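Asker:
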Amino acid sequence: MDVNTVADLPPDRRRALFHRDAGIDAIASDVADIIERVREEGDVALREYAEEFDDTTVGTIDVTDTAERAYEEIDDDLGEAIETAADNIEDFHERQLPEDWRAAFDGRELGRRYRPIERVGAYVPGGGAAYPSSALMTVIPATVADVEQVAVATPPADELSPATLAALHVAGADAIHQVGGAQAIAALAYGTETVSPVEKIVGPGNRWVTAAKAAVRNDCAIDFLAGPSEICVLADDSATPEFVAADLVAQAEHDPAASVVAVTDDEELAENIVAAVDRQVEGREREETIREALDNDASGVFVARSMPEAVLFCEEYAAEHLSIQADDDEALLDRISNAGSVFLGPYSPVAAGDYAAGPNHVLPTGGHARITGGLSVETFLRSTTVQRLSSDALAALGDTVTTLAEAEGLEAHAESVRVRDRAEYE
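Per this note's numbering, the sequence shown starts with residue 1, numbered consecutively.
This is how it looks when you write it as structure tokens:
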């Protein structure tokens, strides 16, 4: 990891930083073949892909019954951690529930109501790894929204993670299937003999999962397309270099393609952050992954000529995770709109949000925080507007409606108003 000056960034480095790519185009054709085969062959394809991609023989695809047993068998400390995290996540998401409303506007009774999507699929990464946090983050908002059926797909393994299964039990998953990758997305979108099709798919995954979500989204709704994890730390001279470095290293251990950046207006702090990163990487279990992420062109520590320039950098970067470690963090936050989740102050590491603080960790990456937010209760709801007009209210609007309808050449629209007006006088 090196120190760079924002004003002197060459075009290729700027592209790497501000136009981050999930890398799905290169595998789109292969993913399309996987999806088509799952649609044609169902469970047979899922089992064969498990052998090919996961080196696992899958007998029973539906493993819902194993979740409760896993919860009963995990150690007390892990069980308590899962329960605490689940409680915090549920409390936060319950505050997001919108209320139905009706209001009167001069004879027009107008309103909006919210209803849950009926069947949702959640992808929970796994295989040789354990992601109980993703189980909680994807399923709990759906249960808070009162989704009728929440089905989960998680990659197969010789022994599925007891922690993930326990978390799925606590979160309230209705069905759990051991199937991963693009084939899992295909199964959730179109169904197989075992997997029932859903109406929306959510959750993080590798580029094969992301490419599959992109391929099915015309037939099955998705949350958004997510790429490798990323963090941007905005820091001033009050920041503790070791804290900033720890957050960068933590995100770097996710993926060699992770993007980890810090930007500051203090050159000495920048140098100290790089030195702290070097110290903290040494000897980590995932040191090789961390170093690859730190050395890619989308990572680095950047010195701005001023804090306003640093803020503009953050806005253009549009981070999945934005950490503000500065004296006047609230004022800086007010000047930034583009971020998936914001962590204020020195004692708000991204890891706290990843696991147990309460807000969701399924967030937009690759600059998509400019146009969308993270997973929430609203992800699982549909809104319907409601309107009732009195005869007087329709009469008051009549000229406006008929004039606009005729301007658009839609004579029958205008007549649908006039026929009611005439009926009032017959």
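Heads up, the beta-carbon is just placed ideally off N, CA and C, and yes, glycines get one too. Note that the structure is predicted; figures quoted are calculated from it, not measured.
Only counting the same chain, and skipping five residues up and downstream in sequence, which positions put a Cβ closer than 6 angstroms to that of Tyr-71?
Answerer: Working through the sequence shown from its first residue, we reach residue 71 at position 71. Correct list, in chain order: Ala-166 and His-169.
Asker: Hey, out of Glu-68, Asp-247 and Ala-151, whose CA is closest to Ala-163's CA?
Answerer: Position 163 of the sequence shown, counting from 1, holds the residue named residue 163. Among Glu-68, Asp-247 and Ala-151, the Cα nearest to that of Ala-163 belongs to Glu-68.
Asker: Just grab the DSSP bridge partners of Val-459 for me.
Answerer: Because the chain here runs from 1 to 426, residue 459 falls outside it and cannot be looked at.
Asker: Looking at Asn-4 and Gly-367, is the spacing between their C-beta atoms short of 9 angstroms?
Answerer: Along the sequence shown, one-based indexing puts residue 367 at 367. Along the sequence shown, one-based indexing puts residue 4 at 4. Result no, Cβ atoms of Gly-367 and Asn-4 do not sit closer than 9 angstroms.
Asker: Within 10 angstroms of its Cβ, does Asn-218 collect 16 or more other Cβ (buried), or is it exposed?
Answerer: As a first step, residue 218 must be located in the sequence shown, where it is residue number 218. Exposed.
Asker: Assuming Val-144 and Gly-203 are in contact, meaning their beta carbons sit under 8 angstroms apart, how far apart are those beta carbons, in whole angstroms?
Answerer: Taking the sequence shown and counting its residues from 1, one reaches residue 144 at position 144. Taking the sequence shown and counting its residues from 1, one reaches residue 203 at position 203. Contact doesn't hold; Cβ gap of about 16 angstroms is too wide.
Asker: In the DSSP assignment, the beta strand (DSSP E) including Ile-201 goes from what residue to what residue?
Answerer: Start at 1 with the first residue of the sequence shown, and residue 201 comes out as number 201. It spans 200–202 - the beta strand (DSSP E) in which Ile-201 sits, taken as one unbroken run.
Asker: Give the single residue among Ala-235, Gln-178, Ala-258 and Val-303 whose Cα lies nearest to the Cα of Leu-9.
Answerer: Along the sequence shown, one-based indexing puts residue 9 at 9. Out of Ala-235, Gln-178, Ala-258 and Val-303, Val-303 has the C-alpha closest to the C-alpha of Leu-9.
Asker: So the candidates are Gly-358, Arg-279 and Arg-420; which of them puts its Cα closest to the Cα of Thr-84?
Answerer: Position 84 of the sequence shown holds residue 84. Out of Gly-358, Arg-279 and Arg-420, Gly-358 has the C-alpha closest to the C-alpha of Thr-84.
Asker: For Asp-247, count the other beta carbons within 10 Å of its own beta carbon; 16 or more makes it buried, fewer makes it exposed. Which is it?
Answerer: Here residue 247 corresponds to residue number 247 of the sequence shown, with the count starting at 1. Around the Cβ of Asp-247, a 10 Å sphere holds 16 or more other Cβ atoms; the residue is buried.
Asker: Using a Cβ-Cβ cutoff of less than 8 angstroms, which residues in the same chain neighbour Gly-79 once the five nearest sequence positions on both sides are dropped?
Answerer: Residue mapping note: residue 79 aligns to position 79 of the sequence shown, counting from 1. So the list reads Tyr-71 and Ala-166, once near-sequence residues are dropped.
Asker: Determine the DSSP secondary structure at Gly-398, reduced to helix, strand or coil.
Answerer: Here residue 398 corresponds to residue number 398 of the sequence shown, with the count starting at 1. Reduced to three states, the DSSP call for Gly-398 is helix.
Asker: Quick check on DSSP: helix, strand or coil for Leu-225?
Answerer: Residue mapping note: residue 225 aligns to position 225 of the sequence shown, counting from 1. In this structure, Leu-225 counts as coil in the three-state DSSP scheme.
Asker: Do the region 315–328 and the region 337–344 meet, that is, are 3 or more Cβ pairs less than 8 angstroms apart?
Answerer: Output reads yes: the region 337–344 touches the region 315–328.
Asker: Of all the options Gly-345, Ala-310, Asp-55 and Ala-214, which has the alpha carbon lying nearest to the alpha carbon of Asp-158?
Answerer: Against the sequence shown, residue 158 aligns to sequence position 158. The residue with the shortest Cα to Cα distance from Asp-158 is Asp-55.
Asker: Report the partner residues of Pro-116 according to the DSSP bridge assignment.
Answerer: For the purposes of this step, residue 116 is taken as the residue at position 116 of the sequence shown. Leu-381, per the DSSP bridge assignment.
Asker: Please state whether DSSP places Thr-264 in a helix, a strand or coil.
Answerer: By one-based count along the sequence shown, residue 264 stands at place 264. In the structure shown, Thr-264 sits in a strand (DSSP, three-state: E or B).
Asker: My output table needs one value for Ile-74: the three-state DSSP class, helix, strand or coil.
Answerer: Looking up residue 74 in the sequence shown gives position 74. Looking at Ile-74 - three-state DSSP - the assignment turns out to be coil, as it is neither helix nor strand.
Asker: Cβ atoms of Ile-61 and Ile-185: under 9 angstroms apart, would you say?
Answerer: Locating residue 185 in the sequence shown gives position 185, where the first residue counts as 1. Locating residue 61 in the sequence shown gives position 61, where the first residue counts as 1. In this structure, Ile-61 does not lie closer than 9 angstroms to Ile-185 by Cβ.
Asker: Return the chain-ordered list of same chain residues with a C-beta closer than 7 angstroms to the C-beta of Ala-258, the five sequence neighbours on each side being excluded.
Answerer: Taking the first residue of the sequence shown as position 1, residue 258 is located at position 258. Sequence-distant partners of Ala-258 (beyond 5 residues in either direction) whose C-beta falls short of 7 angstroms from its own C-beta, in its chain, are Pro-228, Ser-229, Glu-230, Gln-251, Ala-252 and Ala-293.
Asker: For Arg-286, does the three-state DSSP call read helix, strand or coil?
Answerer: Mapped onto the sequence shown, residue 286 falls at position 286. Annotated three-state conformation of Arg-286 is coil, per DSSP.
Asker: Where Ala-270 and Phe-53 are concerned, what is the direct C-alpha to C-alpha distance, given to the nearest angstrom?
Answerer: One-based indexing of the sequence shown puts residue 270 at position 270. One-based indexing of the sequence shown puts residue 53 at position 53. Note on geometry: alpha-carbon atoms of Ala-270 and Phe-53 lie some 42 angstroms from one another.
Asker: Would you decide whether Pro-308 is buried or exposed? Buried here means 16 or more other CB atoms lie within 10 Å of its CB.
Answerer: In the sequence shown, residue 308 corresponds to position 308, counting from 1. Here Pro-308 is exposed: its Cβ has fewer than 16 other Cβ atoms, across all protein chains shown, within 10 Å.
Asker: Give the straight-line distance between the Cα atoms of Ala-369 and Leu-225, rounded to the nearest whole angstrom.
Answerer: In the sequence shown, counting from the first residue as 1, residue 369 sits at position 369. In the sequence shown, counting from the first residue as 1, residue 225 sits at position 225. One C-alpha to the other measures close to 11 angstroms.
Asker: With a threshold of 16 other CB atoms inside 10 Å of the CB of Phe-343, please say whether the residue is buried or exposed.
Answerer: Here residue 343 refers to the residue found at position 343 when the sequence shown is read from its first residue. Its Cβ being crowded by 16 or more others within 10 Å, Phe-343 is buried.
Asker: Compare the C-alpha of Arg-95 against each of Thr-57, Asn-360 and Asp-255 and name the closest.
Answerer: Stepping through the sequence shown from its first residue, residue 95 is reached at position 95. With distances taken between Cα atoms, Arg-95 lies closest to Asn-360.
Asker: Cα separation between Phe-243 and Arg-382?
Answerer: Counting from 1 along the sequence shown, the entry for residue 243 is found at position 243. Counting from 1 along the sequence shown, the entry for residue 382 is found at position 382. Those two C-alpha atoms are separated by around 41 angstroms.
Asker: Would you mind working out which of Asp-392, Thr-400 and Thr-289 sits nearest Gly-107, comparing C-alpha positions?
Answerer: As a position in the sequence shown, residue 107 is number 107, starting the count at 1. Minimum Cα-Cα distance from Gly-107 among the listed residues Asp-392, Thr-400 and Thr-289 corresponds to Asp-392.
Asker: What is the DSSP secondary structure of Val-249, counted as helix, strand or coil?
Answerer: As a first step, residue 249 is located in the sequence shown; it is residue number 249 there, counting from the start. The answer is helix: DSSP assigns Val-249 an H, G or I state.
Asker: Terminal residues of the continuous beta strand (DSSP E) containing Ile-176?
Answerer: Locating residue 176 in the sequence shown gives position 176, counting from the first residue. Here the beta strand (DSSP E) through Ile-176 covers 175–178.
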